[in-house]
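See structure below.
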Amino acid sequence: MRIFDPHIHMTSRTTDDYERMAAAGVRALVEPAFWLGQPRTSVGSFTDYFDALVGWEPFRASQFGIRHHCTIALNPKEANDPRCREVLAVLPRYLEKDGVVAVGEIGYDSMTPEEDEVFAAQLALAIDHDLPALVHTPHRDKARGTDRTLDVVRESGIDPGRVAVDHLNEVTVARVADSGCWMGFSIYPDTKMTAERMVVILQEHGLERMLVNSAADWGRSDPLLTLRTGEAMLAAGFSADDVDRVLWRNPVEFYGQSKRLDLSDIEGTAATFEGNSILRGGS
Ligand SMILES: [Zn+2]
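Okay, here's the thing in C-alpha cells:
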C-alpha cells in the first residue's frame, strides 16, 4: 500500500514516527502550517516556523524516503491575535516557494470577525498565487461552521475544485460534497473520526474528491491511521485500487493542482541540509 498523508503536522512528531510511517508505506505527505501550542507573539516566530516547513522538515522526511511538501498560512486560532496579523504581509514570499503546494490551514476556529477577514484575505492569496486552499473546519459547532465556510469559499470566487474542506464528519460531509469542494477527514485514535466510520462514509458518498489524513499533531494522535483506514477499506470489500485512489491518487490530484508536487525519485534520500548530519549519525 502506498500512502500520501495529505495533512500531518510532523513538527510535533518524533523521528521514530517518520521511521514507522516509512515502514507502513507512507511515501509522501503535506504538512500544513498551524498553531504551535504556545502562542506566538511576533512575525519572526512565524517565519522561523515557515522556514522549517520548507527546509528542515523536508530534509528530516527525506532521510526515510518520504517526500515532504507543506501549506503556508496564518491559522484561524492565531488570526485573532493582532500581534500575528502582520504575518499576512510575509505570506506572498512563502507562497512562491517550491515545496509549498497550497494556502492553509485557513478557515474558522471560533468564527470571529477577525477570522472572517483573515480567511477571505487568504482565499484571495490562493487565487493570486494560483494555489489550492486547505480549509480547517471548527471542532465546535461544526455544522454551522461548515456552512459559513462554504459561504466564504463561494463569495471568494475560487474554483471549489481547488479547495479541500477538512475535519469533516457524518454531519458535514453531504453539504461539502454538494459544494464541489474536496472532502477531508482526519482520523483520530478515539475522537472525531475513526477508520471504521470513515469506511461507512466512503461506502455512502463514494471515493471522488475524498482525502483521508491522520492529522497527527500535539494531541493524542497516530500517524499510521491512514494505513488503518486502508486496511479497514480492504476488510469491508473495497479493492486495492480503491485504497490506492483514496490514499494516493486523490491527494496527488488535489495538490497536483499547485503544479509543484514533486514525486520523482521518491525512494531517494539524496537531500542534504546545510551543515546538519545528525539524522545520519554524525555529530
Ligand atoms: Zn491540522
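Following the numbering used here, the numbering of the sequence shown begins with 9 at its first residue and continues without gaps. Using N, Cα and C, we set each Cβ at its ideal position, and we do this for glycine too.
Task: Cutoff 8 Å; reference Ala128; Cβ partners in own chain excluding five residues on either side - done: Counting from 1 along the sequence shown, the entry for residue 128 is found at position 120. Val160, Glu163, Ser164, listed in sequence order.
Task: Classification of Gly245 by the beta-carbon crowding that lies within 10 angstroms, buried from 16 upward - done: Along the sequence shown, read from residue 1 onward, the residue named residue 245 stands at position 237. Exposed is the call here.
Task: Of the listed residues Ala141, Asn258, Asn221, nearest to Asn83 (C-alpha basis) - done: Counting from 1 along the sequence shown, the entry for residue 83 is found at position 75. It is Ala141 whose Cα lies nearest to the Cα of Asn83.
TODO: Check whether the segment 105-119 touches the segment 223-238, counting contact only when three or more Cβ pairs, one atom from each stretch, lie closer than 8 Å.
DONE: With the cut-off at 8 Å, the segment 105-119 and the segment 223-238 do not touch.
Open item on the list: Is any non-hydrogen atom of ligand 1 found closer than 6 Å to the C-beta of Ala223, if you look at the structure I gave you?
Closed with: Reading the sequence shown from its first residue, position 215 is the one you call residue 223. Answer for Ala223: yes, Cβ within range of ligand 1.
Open item on the list: Am I right that Asp270 and Arg10 are in contact with their C-beta atoms under 8 Å? What's the rounded C-beta distance?
Closed with: Taking the sequence shown and counting its residues from 1, the one referred to as residue 270 is at position 262. Taking the sequence shown and counting its residues from 1, the one referred to as residue 10 is at position 2. Not really, about 16 Å apart at Cβ, beyond 8 Å.
Task: Contiguous beta strand (DSSP E) assignments of at least 3 residues, all confined to the segment 120-187 - done: 141-144, 171-174
Open item on the list: Would Glu65 and His77 be called neighbours here (beta carbons separated by less than 7 Å)?
Closed with: Residue numbering aside, residue 65 sits at position 57 when the sequence shown is read from its first letter. Residue numbering aside, residue 77 sits at position 69 when the sequence shown is read from its first letter. Contact flag unset, no.
TODO: Just mark Ala248 as buried or exposed, buried being the case when its beta carbon has 16 or more other beta carbons within 10 Å.
DONE: For this step, residue 248 is matched to residue 240 along the sequence shown. Answer is exposed; the Cβ neighbour count stays below 16.
Task: Backbone CA spacing between Gly227 and Ile135 [nearest angstrom] - done: The residue given as residue 227 occupies position 219 in the sequence shown. The residue given as residue 135 occupies position 127 in the sequence shown. Rounded to the nearest whole angstrom, the CA to CA distance from Gly227 to Ile135 is 32 Å.
- [ ] Could you tell me the distance, in whole angstroms, from the CA atom of Arg101 to the CA atom of Leu176?
- [x] If you number the sequence shown from 1, residue 101 lands on position 93. If you number the sequence shown from 1, residue 176 lands on position 168. Between Arg101 and Leu176, the C-alpha separation is close to 31 Å.
Task: Proximity below 7 Å, CB of Lys150 to CB of Thr180 - done: Against the sequence shown, residue 150 aligns to sequence position 142. Against the sequence shown, residue 180 aligns to sequence position 172. Yes, the Cβ-Cβ distance between Lys150 and Thr180 is below 7 Å.
Task: Status (buried if at least 16 other CB within 10 Å, exposed otherwise) for His17 - done: Translated into the one-based positions of the sequence shown, residue 17 becomes position 9. His17 comes out buried.
Task: For Phe246, the three-state DSSP class (helix, strand or coil) - done: Taking the sequence shown and counting its residues from 1, one reaches residue 246 at position 238. Of the three classes helix, strand and coil, the one that applies to Phe246 here is coil, per DSSP.
Open item on the list: Is it buried or exposed, Gln130, if we count other Cβ atoms within 10 angstroms and call 16 or more buried?
Closed with: Locating residue 130 in the sequence shown gives position 122, where the first residue counts as 1. Buried.
Task: Per DSSP, cross-strand counterpart(s) of Ala110 - done: Residue mapping note: residue 110 aligns to position 102 of the sequence shown, counting from 1. Note: Ala110 sits in a beta bridge opposite Thr79.
TODO: Buried or exposed for His144, please, with buried defined as at least 16 other CB atoms from any protein chain shown within 10 angstroms of its CB.
DONE: As a working note, residue 144 is residue 136 in the sequence shown. The residue in question, His144, is buried, as its Cβ has 16 or more Cβ neighbours within 10 Å.
Task: Supposed contact pair Arg35 and Gly73 - C-beta distance, whole angstroms, cut 8 Å - done: Your numbering for residue 73 matches position 65 in the sequence shown. Your numbering for residue 35 matches position 27 in the sequence shown. Contact holds; Cβ gap of about 7 Å.
TODO: Label Asn284 either buried or exposed according to how many other C-beta atoms from any shown protein chain fall within 10 Å of its C-beta, with 16 as the threshold for buried.
DONE: Within the sequence shown, the letter at position 276 stands for residue 284. Low confidence applies to Asn284: its pLDDT is 42, below 50, so where it sits in the model is not reliable, and the reading given next is rough at best. With fewer than 16 other Cβ atoms within 10 Å, it is exposed.
Open item on the list: If the criterion is Cβ atoms closer than 7 Å, does the pair Val220 and Phe262 meet it?
Closed with: Numbered from 1 along the sequence shown, position 212 holds the residue referred to as residue 220. Numbered from 1 along the sequence shown, position 254 holds the residue referred to as residue 262. No, the pair does not count as a contact, with Cβ atoms beyond the cut-off.
Open item on the list: Nearest by alpha-carbon distance to Lys105: which of Ser266, Asp273, Ser272, Gly214 is it?
Closed with: The count along the sequence shown starts at 1 and reaches residue 105 at position 97. Checking every option, the nearest Cα to that of Lys105 belongs to Ser266.
Task: Start-to-end residues for the alpha helix (DSSP H) that takes in Val208 - done: Start at 1 with the first residue of the sequence shown, and residue 208 comes out as number 200. Element bounds for Val208: 203-213.
Open item on the list: Using 7 Å as the threshold, is the C-beta distance between Ala203 and Ile195 below it?
Closed with: As a first step, residue 203 must be located in the sequence shown, where it is residue number 195. As a first step, residue 195 must be located in the sequence shown, where it is residue number 187. Yes, Cβ-Cβ distance for Ala203 and Ile195 is below 7 Å.
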